[in-house]
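For the first sequence, my numbering gives the first residue as 69, with consecutive numbering after it.
Beta carbons: idealized from backbone N, C-alpha and C, even for Gly.
Everything on this sheet refers to the single structure shown next.
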Amino acid sequence: MKISFYNTLTNTTERFEPLNKEKVTIYGCGPTVYDYAHIGNFRSFLFNDIIRRFLEVVGHEVHQVINITDVGHMTDDHLADGGGEDKMLLAAKKLKEAKKSGKITAGAVQNPDDPYQVAAYYTEAFLEDARRLGMKIADEYPQRVLHATQNIQAMLDLIQKLIERGHAYVADDGVVYYSVESFSSYGALSGNTLDKLREGSGGRVLAEDQINKRHPSDFMLWKPDQSHIMKWDSPWGTGYPGWHIECSAMAMQELGETIDIHTGGEDLIFPHHECEIAQSCGATGADAFARYWLHVRFLLVEGEKMSKSKGNFYTVRDLVEGRATGQPVHPAVLRFELIRSHYRANTNFTAKGLADSTGNVVKLNRFVSEVEEAAGGVAEDVDLSHPILKEFTAALADDLNIAGALAVVLPWTNKKAKKPQEALGVCRKINHVLNVMPLQSSLPLANLEEMLLGDVPEEVTGACSAMDEARANKDYGAADKIREELLDEGWQVQTTTEGTVVQMRLPSELQQVLRA
RNA sequence: GGCGCCGUAGCCAAGUGGCUAAGGCAGCGGAUUGCAAAUCCGCCAUCAUGAGUUCGAAUCUCAUCGGCGCCUCCA
């Protein structure tokens, strides 16, 4: 199968050929654990999950690794003096407040002053959200999900190598910097070559921050700092590692000097990934660190960039637990909403989109359960030559064209399957990638339809009976009045031969959008 | 100022030189229904603008307008 990806390194869509056909290596930049990850973060993480699942379905074995940044970097780490506040201290402060106000359970973090406990708390939260959304890697933890703080030695070794090879130096202030001038292809990924950086810095690089560096773009590898809340011994003094070094160190340690695919949000192209390349290739002398660099564009919320000040900063738990829209959003719906559009286009997270996704996910799940029943639960073993799977995988093989892939699946599920056992086999394969029909998770999840229905209050079942009675008496005026009332409350009402039933109830925010 | 991405129907979103421009939501018409809902059948775009290349372009080139990202912590 011909697979192609848009490679940021070359700005072209390239044919994908793994280095080793037996095992494709993927590294994804994971979360920082100073706070809950938001749905924009998860769009990026889910993208990594989809690539992996797709490659598996077309027959590759995949070795996927992500990192967890739990080193307490400074808010202004980019400055030479590593100024600003320690992110881990900020997180601790916030956790204490949350504990006081009862937002988190008191036992969750015993001592918020212990940075490792803070990190552990948010790591657990991340993993829980990831499992809810059906991310495979979360179930492999602690394998393949690497903590920066547990791999300091690998970073020290890498820094040592960089110094030996003349790519790094110890400055007058004792900080170890990477010398960008020592790496001739610096800027190849982002286009920010050194000459352009110098011209285009727009006066934002302050001279006093640069005083100890040989070049303004030199970045920190190790900072000796006794006062830092998390610190480790090193040949360059007790301190902490720079932001970029962990990914280079852990990716190479786990996956080898050159990996196949590296993913992350578009904002990581520069400086993070540019620096990773400089560090990794500088240390190994290899031509490439990652052969394919794939970057996900940002998620907007109702057309705006997500930010805490705008109040449109959503976490998975806010949505799933109903705090964002007034009623719980099923994880399968959220997963679908976050994966349904192309990774290289801005996607707009909206209430309307959630409603659309709800409809689609319900539809897919109904289809699968009908097929399952008709097939007696027996799935035929189908291969990718099946017309639906052929088109489905062909769309995904074309730079992960998920919208195109869905356009194959959705119309197919409109018709009753002629050969249920074969269809079930097809569904299983499709679901290996989509994982929404149903969503398979190691966490217990609410049944989608039951959740949409919620607990039907007695008034509502009573109203249904009253409506049946009115209809039996041909008092249609009264029956219609009851129906109107139920519809107003957001219930979808259906009259069947067995009587009136309510079918589902969308979150109130979605109802408003749909009525508008 | 530099480096990139993008602009397809009311909304979301495929299509990357050539049959009648996918699919979903909404809408409309029909079947069905006491009326609805659900379901089923059918309908619904000349592709931001302008110029060019070509036998032929939404697809390539240039320009213009508009949106977005990065260049500073950020998925």
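Exposure label - residue i; buried when at least 16 CB within 10 Å
| i | result |
| --- | --- |
| E267 | Because E267 carries a pLDDT of 49, less than 50, the predicted location of this residue cannot be relied on, and the following value inherits that uncertainty. E267 comes out exposed. |
| E566 | exposed |
| I279 | exposed |
| D286 | buried |
| V524 | exposed |
| G127 | exposed |
| L77 | buried |
| G108 | buried |
| Y544 | exposed |
| S316 | buried |
| A413 | exposed |
| A148 | Below a pLDDT of 50, predicted positions are generally treated as unreliable, and A148, at 41, falls in that range; no measurement from the model is reported. |
| S375 | exposed |
| L163 | buried |
| N541 | exposed |
| G170 | exposed |
| G140 | buried |
| D263 | exposed |
| M69 | exposed |
| P339 | buried |
| A471 | exposed |
Endpoints, the alpha helix (DSSP H) within which residue i is located
| i | result |
| --- | --- |
| R539 | E526 to A540 |
| T352 | E342 to T352 |
| V446 | Counting along the chain, V446 falls outside any alpha helix (DSSP H), and DSSP gives it neither H nor E. |
| E566 | That residue, E566, is in no alpha helix (DSSP H); it is neither H nor E in DSSP. |
| I279 | Taken as a continuous stretch (DSSP letters only), I279 belongs to no alpha helix (DSSP H), as it is neither H nor E. |
| G545 | Y544 to D556 |
| I456 | P455 to A465 |
Simplified DSSP state of residue i, which is helix, strand or coil
| i | result |
| --- | --- |
| S316 | helix |
| I407 | helix |
| N414 | coil |
| T426 | helix |
| Q228 | helix |
| F287 | strand |
| K484 | coil |
| D207 | helix |
| T100 | strand |
| G371 | coil |
| V75 | The identity of residue 75 in the sequence shown is Asn, whereas the question assumes Val. It is a strand residue. |
| M223 | helix |
| M298 | coil |
| R121 | helix |
| P505 | Here residue 505 turns out to be Met, not Pro, going by the sequence shown. Here M505 sits in coil by DSSP. |
| D523 | coil |
| D154 | strand |
| Q178 | coil |
| R391 | coil |
Beta strand (DSSP E) segment containing residue i, residue limits
| i | result |
| --- | --- |
| E196 | Counting along the chain, E196 falls outside any beta strand (DSSP E), though it belongs to the alpha helix (DSSP H) covering P183 to R200. |
| W361 | A358 to V364 |
| P309 | G307 to P309 |
| G333 | I327 to G333 |
According to DSSP, residues forming a beta bridge with residue i
| i | result |
| --- | --- |
| I136 | H215 |
| H106 | T383 |
| Y237 | Y245 |
| R83 | S72 |
| P396 | The partner list for P396 (beta bridge, DSSP) is empty, contrary to what the question assumes. |
| I498 | Partner(s): none; I498 has no beta bridge. |
| I94 | Q132 and I329 |
Under 8 Å, with one C-beta from each stretch per pair, do the region 234-249 and the region 432-447 reach the 3-pair mark? no
Under 8 Å: do the region 91-100 and the region 121-135 share three or more Cβ pairs, one atom per stretch? yes
Can you find at least 3 beta carbon pairs, one from the region 114-122 and one from the region 196-210, that sit closer than 8 Å? yes
Assess, as a yes-or-no matter, whether the region 402-417 is touched by the region 441-448 under the definition of 3 or more beta carbon pairs within less than 8 Å. no
Any chance the region 407-426 sits against the region 463-477, with 3 or more Cβ pairs inside 8 Å? yes
At least 3 beta-carbon pairs within less than 8 Å: the region 344-363 vs the region 380-389: no
With a threshold of 8 Å, are at least 3 pairs of Cβ atoms found where one atom belongs to the region 478-496 and the other to the region 512-526? no
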